[in-house]
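A.B. asks:
Numbering (this note's numbering), first residue to last: 1289 to 1492.
(1) Just reading off the beta strand (DSSP E) that residue 1441 is part of, what are its end residues?
(2) Using the rule of at least 16 other Cβ atoms within 10 Å of the residue's Cβ for burial, across every protein chain shown, is residue 1488 buried or exposed?
(3) Decide yes or no for the touch test of the segment 1361 to 1370 against the segment 1400 to 1408: beta carbon pairs closer than 8 Å, at least 3 of them.
(4) How about residue 1481: is its Cβ closer than 7 Å to a heavy atom in the ligand MG?
(5) CB-CB under 8 Å to residue 1518, same chain, minus the five flanking residues each way: which ones, in chain order?
(6) Could you compute how far the alpha carbon of residue 1440 sits from the alpha carbon of residue 1381?
(7) So the alpha helix (DSSP H) residue 1481 belongs to, where does it begin and stop?
(8) Please name the residue, chosen from 1451, 1354, 1391, that lies closest to residue 1376 on a Cα-to-Cα basis.
(9) Along the chain, where does the alpha helix (DSSP H) containing residue 1293 start, and where does it finish?
(10) Once DSSP output is grouped into helix, strand and coil, what is the label at residue 1357?
(11) Nearest-angstrom Cα distance between residue 1423 and residue 1296?
(12) With DSSP as the reference, label residue 1411 as helix, strand or coil.
(13) Classify residue 1401 as helix, strand or coil using the three-state DSSP reduction.
(14) Tell me the rounded alpha-carbon separation between residue 1492 and residue 1357.
(15) Using the C-alpha atoms, what's the distance from residue 1433 back to residue 1457?
(16) Considering only the beta carbon of each residue, do residue 1469 and residue 1326 sit closer than 8 Å?
(17) Answer with buried or exposed for residue 1338, where buried requires no fewer than 16 other C-beta atoms within 10 angstroms of its C-beta.
(18) Thinking just about the alpha-carbon of each residue, which of 1465, 1419, 1466 is nearest to the one in residue 1481?
(19) Rounded to the nearest angstrom, what separates residue 1307 and residue 1316 at their Cα positions?
(20) Consult DSSP for residue 1368 and reduce its assignment to one of helix, strand or coil.
(21) Which word fits residue 1354, buried or exposed, when buried means at least 16 other C-beta atoms lie within 10 angstroms of its C-beta?
(22) What distance in whole Å lies between the Cβ atoms of residue 1427 and residue 1395, which are believed to be in contact at a cut-off of 8 Å?
In structure tokens:
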């Protein structure tokens, strides 16, 4: 399990996900369902409770770092995101002494309340998480994935400077009950300075 991480920016605070967030997350997810398109978002308090419990179990196992997304201006919980699929390379002896941070990580399980979408919140949240991944953990790669049909999400990922690695066909269950193809992207440490500059420019 990782130490508690809290990231704060001008627009958003990412704080460790907890059971106390369930009612506020349920409220955040209560808007029109069509705003989530291809993103799976728990519907109702029982589903949200299971979602949070599963995320906390992954955190206890050291397999994920889930956050509640909080709007700084209001203190309102408006969504969730997480680090997961943490990869630890088998380095030659002496290259990295254990315990080591992850060598690669995925950022995802991201959703926002309908009225928080298309705001600075997601941009700043990505900046905070990617800064930690590349500059504190010193990962070599960050992965980002989305339903291949979700052109809005794919465009947002591509604006970061992430490169399309490929399409995983018939990969996982989709939010609409079918089986989705997954577009998988990566951003490398060597590409991070340019990506960081673009994110900061969008927030300025």
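Backbone N, C-alpha and C define an ideal beta-carbon position, used for all residues, glycine too.
C.D. replies: Working from what's here:
(1) Unbroken run through residue 1441 is the alpha helix (DSSP H), 1439 to 1447; no beta strand (DSSP E).
(2) Residue 1488 comes out exposed.
(3) Counting C-beta pairs with one atom in each stretch, the segment 1361 to 1370 and the segment 1400 to 1408 have three or more that are closer than 8 Å, which means they touch.
(4) The ligand content of the structure shown is nil, which means the ligand MG is not present either.
(5) Absent from the model: residue 1518. The displayed extent of the chain is 1289 to 1492, so no value can be given.
(6) 43 Å
(7) 1480 to 1491
(8) 1391
(9) No alpha helix (DSSP H) holds residue 1293; DSSP gives it neither H nor E.
(10) strand
(11) Taking C-alpha positions only, residue 1423 is separated from residue 1296 by approximately 16 Å.
(12) helix
(13) coil
(14) Going by the C-alpha atoms only, they are around 21 Å apart.
(15) Between residue 1457 and residue 1433, the C-alpha separation is close to 13 Å.
(16) no
(17) Classified as exposed, residue 1338 has fewer than 16 neighbouring CB atoms from the shown chains inside 10 Å of its CB.
(18) The residue with the shortest Cα to Cα distance from residue 1481 is 1419.
(19) 15 Å
(20) Residue 1368 falls in the strand class under three-state DSSP.
(21) buried
(22) Actually they are not in contact, since the Cβ atoms of residue 1395 and residue 1427 sit about 10 Å apart, beyond 8 Å.
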